[in-house]
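So the structure is just underneath, and the comments pick up after that.
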Amino acid sequence: MASIATAFSYSYFIENHSFSVTKVRFDWGIGRRIVFISDTHIDSSVYDVTSLVESIDRLRPDMILHGGDHVSNGDGIDGALDLLDNLSRIAEVYTVWGNHDIWSGLMDKSIIDRVRSIENVYLLINQSIYCDGFWICGVNDPYTYMDNIDKTLENVDSDEIKILLAHSPQIIDEARYKVDLILAGHTHGGQVNIPGIGALWLPLPRKYYKYVQGLFKEEGVAMYVTRGIGTVFLPIRFNCSPELVIIEI
Ligand SMILES: [Fe+2]
4 MASIATAFSY SYFIENHSFS VTKVRFDWGI GRRIVFISDT HIDSSVYDVT
54 SLVESIDRLR PDMILHGGDH VSNGDGIDGA LDLLDNLSRI AEVYTVWGNH
104 DIWSGLMDKS IIDRVRSIEN VYLLINQSIY CDGFWICGVN DPYTYMDNID
154 KTLENVDSDE IKILLAHSPQ IIDEARYKVD LILAGHTHGG QVNIPGIGAL
204 WLPLPRKYYK YVQGLFKEEG VAMYVTRGIG TVFLPIRFNC SPELVIIEI
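This note's numbering numbers the first residue of the sequence shown as 4 and each following residue consecutively.
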């Protein structure tokens with residue numbers, strides 16, 4: 004019993020706050036340094052938001068990409084917008100919605116307008132934007148079937164590098180051969196990983212279980228799935244620290 008209490012205390016008080024940094028490099032010669040985060044779940048997490056913003060600032064990004072799940076429910080909308088505003092003072096922010104954002108009503112026009120009124124914040128809903136040498140393509144959430152890859156890519160020049168921001172790695176089947184790199188979250192890396200057993204629960208159809216976290220280089224596409232930042236359901240992370248990803252391109 005004491006060991007369970009110790010593990011819970013560690014998961015709640017220590018690992019939730021221990022941001023780790025992963026660096027991934029692609030030799031595309033573009034010369035940009037991207038910081039990629041996801042799943043901030045502002046209203047159901049216990050990490051220190053100021054510490055998160057300071058940690059990202061120290062990485063000196065040229066741009067910040069956020070893979071969605073800004074909130075867990077409607078109570079987090081103001082906090083999520085505050086976080087986007089603070090990140091936008093560091094660098095341009097590009098983001099998509101995740102399943103919890105959809106469930107929390109963030110497709111409401113008034114909320115979309117509030118997000119898009121923040122200077123330097125670009126919310127991509129099945130849209131793409133050209134960024135001086137490459138494209139950032141933002142597909143709406145695949146987990147809730149809001150994605151439309153054809154609409155997302157309809158105006159994109161096929162000869163240039165394309166980075167697809169998508170909440171869930173499920174997009175890989177549709178995006179293969181169409182983009183160069185997918186950046187996804189959603190899995191939380193399992194959030195609680197028991198040694199010898201693995202993730203207790205993954206919100207994915209079984210065929211996608213292998214995409215729990217990390218870099219995948221497959222035929223026709225590369226994909227990075229981040230463990231994300233925050234938590235849902237239980238405010239604990241075990242053997243699965245919150246992750247900031249530096250992507251050099
Ligand atoms: Fe999430």
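All C-beta atoms in this analysis are idealised placements derived from N, C-alpha and C, irrespective of residue type, glycine included.
Give me the residue from VAL118, HIS191, ALA94, THR43 with the minimum Cα distance to ARG63. Checked all of VAL118, HIS191, ALA94, THR43; the closest Cα to ARG63 is ALA94.
Check whether the Cβ atoms of THR53 and ILE105 lie closer than 8 Å to each other. no
When DSSP labels each residue in this structure, what does SER131 get in the three-state scheme? strand
Flag ASP60 as yes when its Cβ comes closer than 7 Å to any non-hydrogen atom of ligand 1, and as no otherwise. no
With a threshold of 16 other CB atoms inside 10 Å of the CB of ASN143, please say whether the residue is buried or exposed. buried
Determine the contact status of ALA169 and ALA187, defining contact as a CB-CB distance below 8 Å. yes
Considering only heavy atoms of ligand 1, list every residue whose Cβ is less than 5 Å from one of them, following chain order. ASP42, ASP72
Going by beta carbon distance, what residues of the same chain come within less than 6 Å of VAL49, once the five residues before and after it are set aside? ASN19, PRO238
Nearest-angstrom Cα distance between ASN151 and LEU68? 19 Å
For ILE252, which of helix, strand or coil comes out of DSSP? coil
Out of curiosity, what's the CA-to-CA distance linking SER2 and ILE249? Beyond the ends of the chain as shown, which are 4 and 252, falls residue 2; an answer cannot be given.
For LEU109, name the three-state secondary structure that DSSP assigns. coil
So, are the CB atoms of THR43 and ILE185 less than 8 Å apart? no
Quick check on ASN102: buried or exposed, where buried means 16 or more other Cβ atoms within 10 Å of its Cβ? buried
Where does HIS69 sit, in a helix, a strand or coil, going by DSSP? strand
Bridge partners of TYR227, per DSSP? LEU186, LEU218
Those residues which DSSP pairs with ALA169 across a bridge: Paired residues: none, contrary to the question.
Hey, could you find the ends of the alpha helix (DSSP H) SER58 is sitting in? Looking at the DSSP string, the run of the alpha helix (DSSP H) that includes SER58 is 52-61.
Buried versus exposed, by CB contacts within 10 Å (16 or more), LEU218: exposed
Here's a check: name, in chain order, each residue in its chain whose Cβ is nearer than 7 Å to the Cβ of SER58, leaving out the five neighbours to either side. PHE22, LEU247
What's the gap between the Cα of VAL118 and the Cα of VAL38? 20 Å
If you draw a straight line from the C-alpha of PRO206 to the C-alpha of ASP30, how long is it? Each residue's Cα considered, the two are about 32 Å apart.
To the nearest whole angstrom, what separates the beta carbons of GLU251 and ARG61, a pair I think is in contact under 8 Å? Not a contact, Cβ separation roughly 16 Å.
Provide the residue span of the alpha helix (DSSP H) that contains THR155, from first to last. 152-155
Which residues in the same chain have their Cβ closer than 7 Å to the Cβ of MET149, if we skip the five residues on either side of it in sequence? ILE105, ASN143
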